[in-house]
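So the structure is just underneath, and the comments pick up after that.
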Amino acid sequence: MATWEWRVLSPRVIVSWVQTVCCEGQGMAVRGMPQQPRLEEEPRSNIFRCYVDGALFVQSGGVVFGCVAFDPAGKFYGASNGMLRCHSYPLLAEVMAVREALSWLNARGVVDVDLFSDSQRVVQALKDRSFTSLSYIGSLIEDCRLLVLEFNVVNFLFISRSKNIIAHSLARKAEVSCDVWISSPPDFIFPNLMN
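Okay, so the sequence shown: first residue is 1 according to the UniProt record's numbering, each after it adds one.
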């Protein structure tokens, strides 16, 4: 990472700047990237819903994530969980979990999504376009913002931990088993799907 004007820049940010500068000079739009995705304020019934959670295991120092997505009709679409390589810091785990969820959704072709997190600070930082930070977390927030450019609509929403139980269960399971589930949910989240 390089420091430019007292900011830590990720490779994604640098590539985005180069594309923007090159295309602005020629009066072109960056191919495949909408100029300004809409960030909605209220959930809509015709887009996917994704619930995400980051978690720490204090004794082992492990950092994990879990995410689950539902299609516009409310049916299970898919889920993913895994280990994260980072320091054992709660806010860092939550931001990295959101980045993983956005990457996973993008790879699956989802373009309209309400993304729910139980970290109010992360949701506020992602919604506040003026948020900047010289920290690693700031760089990850910037990565998330660049991933958002791949979508038509992204709506970041806060949800209480008690209502984010499926993503939390997926994250906790990642310490012993990491996987991706498409169309059929894992057995251990069935009881929560019925609620």
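Don't be surprised by glycine CBs; every beta carbon is placed ideally from N, CA and C. All values derive from a computational prediction rather than experimental measurement.
- Following the DSSP letters along the chain, one finds N81 in no alpha helix (DSSP H) but inside the beta strand (DSSP E) bounded by residues F76 to L84.
- Excluding its 5 nearest sequence neighbours in each direction, V180 has C-beta neighbours in its own chain below 6 Å: S80, listed in chain order.
- For F158, DSSP records a beta bridge to S117.
- A distance of 8 Å or more separates the beta carbons of G78 and A171.
- Per DSSP, I137 is one residue of the alpha helix (DSSP H) stretching across Y136 to V148.
- Within 10 angstroms of the beta-carbon of G61 lie fewer than 16 other beta-carbons, which makes it exposed.
- With a 10 Å radius around the Cβ and a threshold of 16 neighbouring Cβ atoms, I189 comes out buried.
- Each residue's CA atom was taken as its position, placing Q124 and A174 some 26 Å apart.
- Residue state for R129 is assigned as coil, using DSSP reduced to three classes.
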